[in-house]
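**Q** Sequences listed follow chains A, B and C, in order.
Numbering-wise, the first sequence is residues 343 to 881 according to my numbering.
Numbering-wise, the second sequence is residues 2 to 101 according to my numbering.
Numbering-wise, the third sequence is residues 13 to 243 according to my numbering.
Heads up, the beta-carbon is just placed ideally off N, CA and C, and yes, glycines get one too.
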Amino acid sequence: MSTTLPRPRIEAPANYLNVDYGWKSWLFTTDHKRIALLYLFSITAFFFVGGAFAVGMRINLLRPEGVFQHDTYNKLFTMHGIIMVFFFLVPSIPATLGNFLIPIMIGARDLAFPRINLLSWYIYIVGGIFALTAILQGGVDTGWTFYAPFSSTYSNTHVIMAAIGVFVSGFSSILTGLNFIVTIHKMRAPGMTWSRLPLFVWGHYATSLIQVLGTPVIAITLVLLGLERILHAGIFDPSLGGDPVLFQHLFWFYSHPAVYIMILPGMAVESEIIACFSRKSIFGYGFVALSSIAIAVLGFLVWGHHLFVAGQSMYASMVFSFISFLVAVPSAIKVFNWTATMYRGSISFETPMLYAFGFIGLFTIGGLTGLFLATMAIDVHLTDTYFVIAHFHYVMVGGMVMAFLGGIHFWFPKITGRLYPENWARIAAAIVFIGFNLTFFPQFILGYLGMPRRYATYAGEFQVLNVMSTMGASILGIGYLIPMIYLTWAWRNGPISPQNPWHAKGLEWEQSPTPPPTFNFIEPPIVTESAYNYSGEEA
Amino acid sequence: MIHKVVSVRTFAAVFVALLALTFTTVAISKLDLGEYNFICAMTIAVIKGALVVAFFMDVRRSSSLTKLFVGAGFFWMAILLVFILSDYHSRGWLPRPAWW
Amino acid sequence: MGDIDATLHPTSAAHPAGVRQDLKHHFDDAAQQMESSTLGMWVFLVTEIMFFGGMFGGYTVYRNMYPEAFASTSHFMNVTIGAINTGVLICSSFTMVLAVRAAQLGQKKAIIAFLILTLILGCVFLGLKGVEYHEKWVEHHIPGPGFQYADARYFHQAQILFFLYFAMTGMHAMHMIVGAGLLTALIVMAARNRFSEHWYTPVEMIGLYWHFVDIVWIFLFPLLYLIGHTS
């Protein structure tokens, strides 16, 4: 005879998830951890919206005849860019993992301005609504770069609606950066000196500097663009005495540093994962920390490399080209230091580390191809081809998105109190890696062979590579869907996580419960050792 | 921070200086000094701005961190202006490559 | 009256009964909270520097590109109103800093008086700006379909320059309007006894904002009104 025992109710101690229920406790929260989750769900939704446009593009590119009308195709690549850049990548790691982890990593109870943190999310949503409205009204066809005078004078699409969406979301970015800067300066626990900060925090500090210094410039640029679209005064219109290159200068002054907003947080995550899964302190901590700052600063001095063929003076182009070479150095320093960290480390291959390996390889390829493009003589041939597209997808997707996925898996137990299924996760990581390379490596070749970007059609000899790329995109899509499924499942049904499943160092793992309570710590932490003290020796 | 509360006299002195500089810059603008009109006007503007920042916004007694951020803000705007203007200024300096 | 010895933002708990202690839970002490607020406001002002900087950049490019057109348009700038407005804003900065000083000393009536003076001066500025804009409207110098310019050689360039004039002064005026709203909120708070010598952070922060808007004008005035006048 058998008896079935009732399923045991697990009484979890009060943590930030179960402390309160109901929609008001989420929509009016000031807890940085809940706000991080609000962001996580929002940016994931936008990721799939942006991804849908990519699906449309890749289907169209299966055959030279295409599927969509050319005007429609222009809208697809524009909306893909706008959504992915402004509504997914820029907020991604900072607003989710950064928001969640920075206060805990420095030993604080919350960010410096919790209500501004919540406001930042609402502003992001408002911006998103404007962008979605632009989509529903039929989309925009100017490219995410909004180049004038097409965007200001000749485009018949809802440019202003999309520009407002980007403008508004920019303020979300500024407020997040402001919050992080003040928090990191003023809210560190006793003993948490700058040289003991996790590199995750250094990386986000550098990102925040860029957000604060750069975003206002694209804000004013879009204001001027919108006014010009209404008034046609001619500020960017050559037929009225204006200079379209001025628009490009102002636009790229932000948008180049923006790409460093879209990689520094990934590098920040990378340092944490590599240290933990090599069981070793990051080699050259000081160099890695300062190279984040160097990237942020130098990144503001290179924007002219987007204007090499636009009519910019040769002299200015040479200066921008030279500094663009320089900005690769701190990135390379980081890659060397991560590699040196792994040397003689005790490496294990859990999912976060798989994504970290992927990052190193793919970011290196992306970064090196950036140097090709920084070389003026080569850029003349490669600009506006698929080579550029492959380059930035290698750094942004092969780099940042892989780091994002690695970080989500690494801190999943901390955020949810549960463990994800490791085997499914490893398979998904492999699928993502294979799919990604199959999608974008052919695009390097396509660009080299001369296929232009932003074209709805192409010469017949490029079809094989395009088909390969679309196949890769399908595999990549599956690779992204699988974690959506098992992570959602694991949140409710995964095994309960122990306090520190990875035996990682850091205040978030060692001194904050899993998942953390609302104010992060039971006892206020006092820091006595350096970060990544895996060897157990006093630094 | 233990600071003295600044006296009304100090603020009044800065106030008078700002008004005097305004009067001066308008007066100079009525004269024709060629290139120097711009230089004088901008110099006076910088002095006025510095007075407001240092005294009215109390940066002269603020922490080094505050001073760093103030400096960084103006420096970054300078980067924007200098690099953009250097493009426009240097157009035509280098000849276009000729076909040999 | 010489400088007064006083502890700014005292952290001691000894304060008159009934005055609210405004320490937020995530801060360790009032000093940390105050320093965070100040740094936060300065970081925000840095973003404002960059925001206006973009327009200064555009303006400078076109001024250098079209010097004759610039000289032509500068005759239409009302230097008198511009100069008076500069004086008005400088006075308002003076009254604002006196308001902050009164807050440091816990002088409620003086706070309210100086804030009201600042608000009035700000409104005077906006009123004079309105007069100036009306002048431009009458002369058909507002960019757009109704734009007209006497010297046909410079029609397009003048329109671009006026566009930037309106963009820069208009953005500045919008910041003044926001500032006026903030001042109103401060006056209400002060009237309701929210401030004491132990806590007056909003007064100081909005003071910083107001002074910044003044600084923007300090640079706008010579660039837009004074230079090119004699060419």
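Compute the Euclidean distance between the alpha carbons of Ala531 (chain A) and Ile448 (chain A), then round it to the nearest angstrom.
**A** The count along the first sequence starts at 1 and reaches residue 531 (chain A) at position 189. The count along the first sequence starts at 1 and reaches residue 448 (chain A) at position 106. Each residue's Cα considered, the two are about 6 Å apart.
**Q** What separation, rounded to the nearest whole angstrom, lies between the Cα atoms of Thr830 (chain A) and Ile817 (chain A)?
**A** Numbered from its first residue, the first sequence carries residue 830 (chain A) at position 488. Numbered from its first residue, the first sequence carries residue 817 (chain A) at position 475. Each residue's Cα considered, the two are about 20 Å apart.
**Q** Less than 6 Å between C-beta atoms, sequence neighbours within five positions excluded: which residues of the same chain meet that for Ser24 (chain C)?
**A** For the purposes of this step, residue 24 (chain C) is taken as the residue at position 12 of the third sequence. Low per-residue confidence applies at Ser24 (chain C): pLDDT is 44, beneath 50, and the placement is therefore not dependable enough to give any value.
**Q** Say whether chain C places a C-beta atom closer than 8 Å to the C-beta of Leu849 (chain A).
**A** For the purposes of this step, residue 849 (chain A) is taken as the residue at position 507 of the first sequence. Closer than 8 Å: no.
**Q** Cβ of Thr213 (chain C) less than 8 Å from any chain B Cβ?
**A** For the purposes of this step, residue 213 (chain C) is taken as the residue at position 201 of the third sequence. No, its Cβ sits nowhere closer than 8 Å to a Cβ of chain B.
**Q** What distance in whole Å lies between the Cβ atoms of Asp726 (chain A) and Pro794 (chain A), which are believed to be in contact at a cut-off of 8 Å?
**A** Mapped onto the first sequence, residue 794 (chain A) falls at position 452. Mapped onto the first sequence, residue 726 (chain A) falls at position 384. Pro794 (chain A) to Asp726 (chain A), Cβ: 6 Å. Contact.
**Q** With DSSP as the reference, label Arg760 (chain A) as helix, strand or coil.
**A** Counting from 1 along the first sequence, the entry for residue 760 (chain A) is found at position 418. Arg760 (chain A) falls in the strand class under three-state DSSP.
**Q** Among A:Lys756, A:Gly641, A:Trp680, A:Lys676, which residue has its Cα nearest to the Cα of Phe667 (chain A)?
**A** In the first sequence, residue 667 (chain A) corresponds to position 325, counting from 1. The candidate whose alpha carbon is nearest that of Phe667 (chain A) is A:Gly641.
**Q** For the alpha helix (DSSP H) that contains Asp88 (chain B), what are its first and last residues?
**A** Residue numbering aside, residue 88 (chain B) sits at position 87 when the second sequence is read from its first letter. It spans 65–91 - the alpha helix (DSSP H) in which Asp88 (chain B) sits, taken as one unbroken run.
**Q** Quick check on Ile884 (chain A): does DSSP put it in helix, strand or coil?
**A** The question about residue 884 (chain A) has no answer, for chain A in this structure spans 343 to 881.
**Q** I'd like to know whether the C-beta of Leu69 (chain B) is nearer than 8 Å to at least one C-beta of chain A.
**A** On the second sequence, position 68 is the one that residue 69 (chain B) refers to. Taking Cβ atoms only, chain A never reaches closer than 8 Å to Leu69 (chain B), which makes this a no.
**Q** Assuming Val559 (chain A) contacts Gly66 (chain C) under a Cβ cut-off of 8 Å, what Cβ separation, rounded to an integer in Å, is found between them?
**A** In the first sequence, residue 559 (chain A) corresponds to position 217, counting from 1. In the third sequence, residue 66 (chain C) corresponds to position 54, counting from 1. The Cβ separation is near 5 Å, so the contact holds.
**Q** Beta-carbon of Ala95 (chain C) versus every beta-carbon of chain F: anything under 8 Å?
**A** No chain F is part of this structure, whose protein chains are labelled A, B and C.
**Q** In this structure, does DSSP put Trp211 (chain C) in helix, strand or coil?
**A** As a position in the third sequence, residue 211 (chain C) is number 199, starting the count at 1. Trp211 (chain C) falls in the strand class under three-state DSSP.
**Q** Can you confirm whether Thr25 (chain B), when its beta carbon is compared against all beta carbons of chain C, has any partner nearer than 8 Å?
**A** Start at 1 with the first residue of the second sequence, and residue 25 (chain B) comes out as number 24. So no, Thr25 (chain B) is outside the interface.
**Q** Less than 8 Å between the beta carbons of Ala11 (chain C) and Thr130 (chain C), yes or no?
**A** The requested residue 11 (chain C) does not occur in the structure, where chain C is confined to residues 13 to 243.
**Q** Counting contacts by CB-CB distance shorter than 8 Å, is Gln171 (chain C) in contact with chain A?
**A** The sequence position of residue 171 (chain C) within the third sequence is 159, counting from 1. Closer than 8 Å to some Cβ of chain A, the Cβ of Gln171 (chain C) qualifies, so yes.
**Q** Opposite Thr727 (chain A) in the DSSP bridges: which residues?
**A** The residue labelled residue 727 (chain A) in the question sits at position 385 within the first sequence. A:Pro794, per the DSSP bridge assignment.
**Q** Closest by CA to His210 (chain C), which one among C:Gln119, C:Asp40, C:Ser105, C:Asn76?
**A** To locate residue 210 (chain C), count along the third sequence from 1; it is residue 198. Checked all of C:Gln119, C:Asp40, C:Ser105, C:Asn76; the closest Cα to His210 (chain C) is C:Gln119.
**Q** By DSSP, does Lys36 (chain C) sit in helix, in strand, or in coil?
**A** Position 24 of the third sequence, counted from the first residue, corresponds to residue 36 (chain C). Three-state DSSP puts Lys36 (chain C) in coil, outside helix and strand.
**Q** For Ile552 (chain A), count neighbouring C-beta atoms within 10 Å of its own C-beta (all shown protein chains included) and say buried if the count is 16 or more, exposed if not.
**A** Within the first sequence, numbered from 1, the residue matching residue 552 (chain A) stands at position 210. It counts as buried.
**Q** Round the Cβ separation of Met43 (chain B) and Pro234 (chain C) to the nearest angstrom and send it over; I've been treating them as touching at under 8 Å.
**A** Taking the first residue of the second sequence as 1, we reach residue 43 (chain B) at position 42. Taking the first residue of the third sequence as 1, we reach residue 234 (chain C) at position 222. That pair is a contact at about 7 Å.
**Q** So, helix, strand or coil for Lys847 (chain A), using DSSP?
**A** On the first sequence, residue 847 (chain A) is found 505 positions in, with the first residue counted as 1. If DSSP states are grouped into helix, strand and coil, Lys847 (chain A) belongs with coil.
**Q** Quick one: does Arg92 (chain B) have its CB under 8 Å from some CB of chain C?
**A** Here residue 92 (chain B) refers to the residue found at position 91 of the second sequence. With 8 Å as the cut-off, Arg92 (chain B) does not count as an interface residue toward chain C.
**Q** Given a limit of 9 Å on CB to CB distance, which residues of the stretch 71–84 of chain B reach chain A?
**A** For the stretch 71–84 of chain B, which is checked against every Cβ of chain A, the residues closer than 9 Å are Ala73, Gly74, Trp77, Ile80, Leu81, Phe84.
**Q** Does the beta carbon of Asp33 (chain B) come closer than 8 Å to any beta carbon on chain A?
**A** The sequence position of residue 33 (chain B) within the second sequence is 32, counting from 1. So, not an interface residue.
**Q** Does Tyr37 (chain B) have its Cβ less than 8 Å from a Cβ in chain C?
**A** Numbered from its first residue, the second sequence carries residue 37 (chain B) at position 36. It does not: the Cβ of Tyr37 (chain B) has no partner Cβ on chain C nearer than 8 Å.
**Q** In whole angstroms, what separates the C-alpha of Ile526 (chain A) from that of Ile605 (chain A)?
**A** To locate residue 526 (chain A), count along the first sequence from 1; it is residue 184. To locate residue 605 (chain A), count along the first sequence from 1; it is residue 263. Taking the straight line from one Cα to the other gives about 20 Å.
**Q** Helix or strand or just coil, what does DSSP make of Val6 (chain B)?
**A** Residue 6 (chain B) sits at position 5 when you count from the first residue of the second sequence. The answer is strand: DSSP assigns Val6 (chain B) an E or B state.
**Q** Could you give the DSSP three-state label for Ile424 (chain A): helix, strand or coil?
**A** Start at 1 with the first residue of the first sequence, and residue 424 (chain A) comes out as number 82. In this structure, Ile424 (chain A) counts as helix in the three-state DSSP scheme.
**Q** Tell me whether Ile773 (chain A) sits in a helix, a strand or coil according to DSSP, three-state version.
**A** Here residue 773 (chain A) refers to the residue found at position 431 when the first sequence is read from its first residue. Note: Ile773 (chain A) maps to helix in three-state DSSP.
**Q** For the alpha helix (DSSP H) containing Leu382 (chain A), name the first residue and the last one.
**A** For this step, residue 382 (chain A) is matched to residue 40 along the first sequence. That run of the alpha helix (DSSP H) goes 374–402.
**Q** Using 8 Å as the threshold, is the C-beta distance between Phe542 (chain A) and Glu614 (chain A) below it?
**A** For the purposes of this step, residue 542 (chain A) is taken as the residue at position 200 of the first sequence. For the purposes of this step, residue 614 (chain A) is taken as the residue at position 272 of the first sequence. Yes, they are a contact pair.
**Q** I need the straight-line Cα distance from Phe786 (chain A) to Leu101 (chain C), nearest angstrom please.
**A** Locating residue 786 (chain A) in the first sequence gives position 444, counting from the first residue. Locating residue 101 (chain C) in the third sequence gives position 89, counting from the first residue. Using only the alpha carbons, I get a separation of about 57 Å.
**Q** Counting Cβ pairs closer than 8 Å, one from the stretch 856–864 of chain A and one from the stretch 702–718 of chain A, do we hit at least three?
**A** No: the two stretches stay apart, fewer than three of their Cβ pairs being nearer than 8 Å.
**Q** Can you tell me whether Ile616 (chain A) is helix, strand or coil according to DSSP?
**A** On the first sequence, position 274 is the one that residue 616 (chain A) refers to. Reduced to three states, the DSSP call for Ile616 (chain A) is helix.
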